[in-house]
């Protein structure tokens, strides 16, 4: 029985009620949205200086022509801006490519210099060992000569 309660077997009635409540809530929200849309359309119509256009013939006026010309000019300006942005983006891509090539060259030079330094360090270790042997030999020779 406890397993059935955990799996939701005992609460079928409550989930059905919850589903009905959610459906009612959605219907109420939809009705409120439609009412708000009607109210907003009414406000727009009252702010307009006349009735809303009903056909395409209503849209062929002098102000509509000016509006269309203005929109076409704005569209042309936006197209020009987009083209300028695209040219700028292409220039940035070329610059990035040059920087990446320069980075690769500098990295190669750094790696060559690191290998050279490692070679010097290995050579200096050999020199240090030989010098230590020489000093030890000189010390032994001195001790033998002084005894």
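In full-length UniProt numbering, the protein residues as written are 1 to 147. All C-beta atoms in this analysis are idealised placements derived from N, C-alpha and C, irrespective of residue type, glycine included.
Can you tell me the Cα-Cα spacing of residue i and residue j, whole angstroms?
i	j	result
residue 62	residue 80	27 Å
residue 75	residue 106	46 Å
residue 22	residue 37	22 Å
residue 73	residue 65	12 Å
residue 17	residue 24	11 Å
residue 40	residue 32	12 Å
residue 67	residue 19	50 Å
residue 115	residue 96	28 Å
residue 129	residue 123	10 Å
residue 87	residue 101	21 Å
residue 143	residue 121	33 Å
residue 140	residue 127	20 Å
residue 117	residue 110	10 Å
residue 138	residue 119	29 Å
residue 34	residue 85	42 Å
residue 26	residue 55	35 Å
residue 134	residue 125	14 Å
residue 94	residue 108	21 Å
Using C-beta distances below 8 Å, list every residue in its chain close to residue i, excluding the 5 sequence neighbours before and after it, in chain order.
i	result
residue 7	With a pLDDT of 46 at residue 7, under the threshold of 50, the modelled position of that residue is not reliable, and no figure is offered here.
residue 147	none
Any beta carbon from chain D within less than 8 Å of residue i's own beta carbon?
i	result
residue 39	Judged by its chain identifiers, the structure shown contains no chain D, having just a single protein chain.
Leaving out the 5 sequence neighbours to the left and right, which residues in its chain are closer than 6 Å to residue i when beta-carbon positions are compared?
i	result
residue 82	none
residue 132	none
residue 29	none
residue 103	none
| field | Residue ranges of each beta strand (DSSP E) within the stretch 90 to 144, 3 or longer | value | none
| Quick one: complete beta strand (DSSP E) runs, 3+ long, within the stretch 61 to 87? | none
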